[in-house]
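Notes follow once the structure below has been shown.
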Amino acid sequence: MTVRQPIENTVAPPRLVPRPVPHPVPRPNEGVWPGLAAVPGAPIKARVAEALFRRAVRALPVRVELAGGEVLGAGDATAPVMRIARPAAFFRRLGNDSKIGFGEAYMVGDWTAEDLPSVLTPFAATLATLVPPVLQRLARRWVEARQPVEELNSVEGARENIHRHYDLSNELFALFLDETMSYSSGWFASGSDDLVGAQERKIDAVLDLAGVTAGTHVLEIGTGWGGLAIRAAQRGARVTTLTISAEQASLAQRRIVEAGVADRVQVLLRDYREARGSYDAVVSVEMIEAVGERYWPTYYATLDRLLKPGGRVGLQASTMPDDRLRVSRNDYTWIHKYVFPGGRIPSTEAIERGLAGHSSLRIAERRSLGADYARTLHHWRARFLSRWAEVRGLGFDETFRRMWEFYLGYCEAGFRAGHLDVHQLCLTR
Numbered sequence: 080m081t082v083r084q085p086i087e088n089t090v091a092p093p094r095l096v097p098r099p100v101p102h103p104v105p106r107p108n109e110g111v112w113p114g115l116a117a118v119p120g121a122p123i124k125a126r127v128a129e130a131l132f133r134r135a136v137r138a139l140p141v142r143v144e145l146a147g148g149e150v151l152g153a154g155d156a157t158a159p160v161m162r163i164a165r166p167a168a169f170f171r172r173l174g175n176d177s178k179i180g181f182g183e184a185y186m187v188g189d190w191t192a193e194d195l196p197s198v199l200t201p202f203a204a205t206l207a208t209l210v211p212p213v214l215q216r217l218a219r220r221w222v223e224a225r226q227p228v229e230e231l232n233s234v235e236g237a238r239e240n241i242h243r244h245y246d247l248s249n250e251l252f253a254l255f256l257d258e259t260m261s262y263s264s265g266w267f268a269s270g271s272d273d274l275v276g277a278q279e280r281k282i283d284a285v286l287d288l289a290g291v292t293a294g295t296h297v298l299e300i301g302t303g304w305g306g307l308a309i310r311a312a313q314r315g316a317r318v319t320t321l322t323i324s325a326e327q328a329s330l331a332q333r334r335i336v337e338a339g340v341a342d343r344v345q346v347l348l349r350d351y352r353e354a355r356g357s358y359d360a361v362v363s364v365e366m367i368e369a370v371g372e373r374y375w376p377t378y379y380a381t382l383d384r385l386l387k388p389g390g391r392v393g394l395q396a397s398t399m400p401d402d403r404l405r406v407s408r409n410d411y412t413w414i415h416k417y418v419f420p421g422g423r424i425p426s427t428e429a430i431e432r433g434l435a436g437h438s439s440l441r442i443a444e445r446r447s448l449g450a451d452y453a454r455t456l457h458h459w460r461a462r463f464l465s466r467w468a469e470v471r472g473l474g475f476d477e478t479f480r481r482m483w484e485f486y487l488g489y490c491e492a493g494f495r496a497g498h499l500d501v502h503q504l505c506l507t508r
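Residue numbers for the sequence shown follow the working numbering, beginning at 80 and rising by one.
Dropping the structure here:
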């Protein structure tokens with residue numbers, strides 16, 4: 080017997096007018112980018128960082144052009160170019176904390192690149208060996224930042240972490256995502272570069288893995304802006320979808336109404352740990368990355384608890400190699416500080432271990448979409464940059480532009496290099 084959640088827990092009716100950006104982002108020197116404008120001290124660390132950087136780029140197929148005319152790297156005249164406009168500031172930021180300083184240096188313009196993903200891809204491909212392992216261990220112990228306690232994904236912490244990214248502005252996301260408002264990897268058909276088609280294909284594939292058909296009661300963990308819930312409802316399924324982003328919930332509800340499926344979709348502002356009921360299928364697309372490693376066991380146990388006997392889970396997850404997860408699991412990086420606080424990307428092996436240890440679920444089917452995610456990110460970055468004037472009109476500043484450009488380019492490079500992957504998984508008992 081399926082259980083419908085009580086109607087009083089649904090979100091309020093949607094606002095049908097655009098909302099202003101809740102927290103406009105000023106320039107670094109205006110105080111909302113704390114410490115970003117200040118160049119770190121520690122000249123000894125800067126000299127060490129410079130020596131390691133010079134050593135690392137000697138074998139990389141890039142051209143690194145320093146102010147003053149010096150050129151580093153193994154790239155020829157056709158190689159992607161990294162221009163370091165302020166070498167002293169760049170190496171000080173790198174020496175202060177390489178995993179954060181490299182991105183911060185881009186945010187403030189210490190270095191630039193016309194083709195950012197192509198510059199970053201060789202770095203991503205050799206990430207494990209750019210710095211000698213012994214120095215990596217020393218840096219993790221003595222130099223690099225630790226995850227702030229307040230960014231742990233407790234129920235309250237998760238709400239704040241999600242708010243910091245997904246509640247930036249629905250209008251911002253609408254400017255660079257496609258019309259499905261899917262903020263996850265698409266799955267491109269052979270020979271096609273159509274992002275809308277790729278996103279619809281991805282959604283259908285996840286629903287197929289979960290066995291969603293007419294009459295199925297589906298639980299979705301992570302609503303996004305409602306694209307998957309709408310597609311499932313159009314198949315004749317009944318959908319209960321959970322989110323802890325108030326901004327996403329509002330727009331998702333509006334889109335669900337406009338799609339004519341409001342009678343079959345219920346949007347709940349609720350953490351996955353607070354979910355109740357029993358469902359024929361559970362789907363969750365790129366949600367596990369926001370759970371945090373400490374809470375993965377709870378996530379797996381929750382999937383198991385909510386799934387009816389004979390049901391299936393359709394899961395999409397970004398992944399990294401298991402050896403990299405093991406050595407980097409306590410790292411606090413630029414992505415954590417500026418984009419996804421509290422996040423952690425699993426490996427497929429970690430998912431298998433977690434399922435075996437904390438649920439009765441196992442992986443029955445899988446497919447890899449890593450190259451598709453690189454293409455998806457390429458589309459997003461191109462669209463964001465082409466519509467920057469409209470993004471700026473929402474109240475975002477130049478520092479935000481460079482931050483978002485680096486985020487999208489950094490991720491695209493990771494998938495292009497194979498340092499990151501994304502998998503669609505079918506879980507069954």
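Ideal Cβ positions, reconstructed from N, Cα and C, are used throughout, including at glycine. Just so it is clear, the structure is predicted and the values come from calculations on it, not from any experiment.
Helix, strand or coil for residue i per DSSP?
i      : result
ALA396 : strand
TYR469 : First, the amino acid is wrong: residue 469 is Glu here, not Tyr. Three-state DSSP puts GLU469 in a helix.
ILE367 : helix
HIS502 : strand
TRP190 : strand
PHE475 : strand
TYR411 : coil
GLY389 : strand
VAL442 : Contrary to the premise, residue 442 reads as Ile rather than Val in this sequence. Strand.
ASP155 : coil
THR302 : coil
VAL136 : helix
ASP359 : strand
LEU199 : helix
SER177 : helix
THR507 : strand
GLU149 : coil
LEU448 : coil
Note down, in chain order, each residue of its chain lying with its Cβ closer than 6 Å to the Cβ of residue i, except the 5 sequence neighbours on either side.
i      : result
ALA328 : VAL90, THR322, VAL346 and LEU348
THR320 : GLU299, THR302, ALA308 and VAL346
What does a CB cutoff of less than 8 Å around residue i pick up in its chain, not counting 5 residues either side in sequence?
i      : result
ALA380 : HIS437 and SER438
LEU434 : TYR379, LEU440, ARG441, ILE442 and LEU506
GLN313 : ALA338 and VAL340
LEU173 : ALA125, ALA128, GLU129, PHE132, GLY180, PHE181 and ALA184
PHE419 : ASN240, HIS244, GLU368 and ALA369
HIS415 : GLN226, GLU230, GLY421 and GLY422
PRO376 : GLY433, GLY436 and HIS437
TRP459 : PHE255, LEU256 and LEU487
ALA117 : none
Would you report the Cα separation of residue i and residue j, rounded to the nearest angstrom?
i      : j      : result
PHE475 : ALA468 : 10 Å
ARG238 : ASP272 : 35 Å
HIS457 : SER357 : 39 Å
VAL470 : THR478 : 12 Å
ARG134 : ARG373 : 36 Å
LEU151 : ARG162 : 10 Å
VAL344 : ALA354 : 16 Å
ALA277 : LEU115 : 38 Å
GLY290 : ILE430 : 21 Å
VAL501 : THR398 : 5 Å
PHE490 : GLY315 : Inspection of the sequence shows that residue 490 is occupied by Cys rather than by Phe. Rounded to whole angstroms, CYS490 to GLY315 spans 35 Å at the Cα level.
HIS296 : ASP287 : 14 Å
ALA453 : LEU499 : 10 Å
ALA253 : TRP413 : 24 Å
THR259 : LEU145 : 42 Å
ARG464 : ARG481 : According to the sequence provided, residue 464 is Leu. The question's Arg does not apply to it. Cα-Cα distance, rounded: 10 Å.
ILE335 : ASP342 : 9 Å
LEU394 : ALA311 : 15 Å
PRO201 : SER324 : 35 Å
ILE446 : GLY148 : Reading the sequence as shown, one finds Arg at residue 446 and not Ile. Their backbone Cα atoms lie some 47 Å apart in a straight line.
SER509 : LEU382 : Summary: the structure shown does not reach residue 509, with the chain confined to residues 80 through 508, and so no result is reported for it.
Output needed for residue i: all residues of its chain with C-beta closer than 7 Å, excluding positions within five of it in sequence on either side, in chain order.
i      : result
ALA508 : This sequence places Arg at residue 508; Ala is not what is there. Once the five neighbours on either side are set aside, the close Cβ partners of ARG508 are SER439 and LEU440.
LEU473 : VAL100, SER248, GLU250 and LEU251
ASP257 : LEU274, VAL275 and GLN278
MET366 : ILE300 and GLY301
ALA153 : ARG137, ALA138, LEU139 and PRO140
PRO400 : SER426
Taking only heavy atoms of the ligand MG into account, decide whether any of them is closer than 7 Å to the Cβ of residue i.
i      : result
ASP189 : Absent from the structure shown: the ligand MG. Ligands present: none.
Please go through the segment 306 to 341 and give each complete beta strand (DSSP E) segment of 3 or more residues, from N-terminal end onward.
317 to 322
Which parts of the segment 213 to 282 are runs of the alpha helix (DSSP H), unbroken and 4 residues or longer, counting only runs that do not cross its ends?
234 to 245 and 249 to 255
Should the segment 405 to 419 be regarded as contacting the segment 245 to 262, the criterion being three or more beta carbon pairs within less than 8 Å?
Judged by Cβ distances under 8 Å, the segment 405 to 419 makes no contact with the segment 245 to 262, as fewer than three pairs qualify.
Can you find at least 3 beta carbon pairs, one from the segment 164 to 171 and one from the segment 123 to 141, that sit closer than 8 Å?
Yes, the segment 164 to 171 touches the segment 123 to 141.
Report yes or no: do three or more beta-carbon pairs, one from the segment 180 to 187 and one from the segment 133 to 148, lie closer than 8 Å?
The way I'd put it, the segment 180 to 187 doesn't touch the segment 133 to 148; fewer than three beta-carbon pairs between them come closer than 8 Å.
Pairs of beta-carbons, one from the segment 279 to 286 and one from the segment 250 to 269, closer than 8 Å: are there three or more?
yes
The segment 193 to 201 touching the segment 480 to 500, judged by at least three CB pairs closer than 8 Å
yes
Evaluate the contact criterion for the segment 297 to 309 versus the segment 349 to 369: three or more CB pairs, one atom per stretch, below 8 Å.
yes
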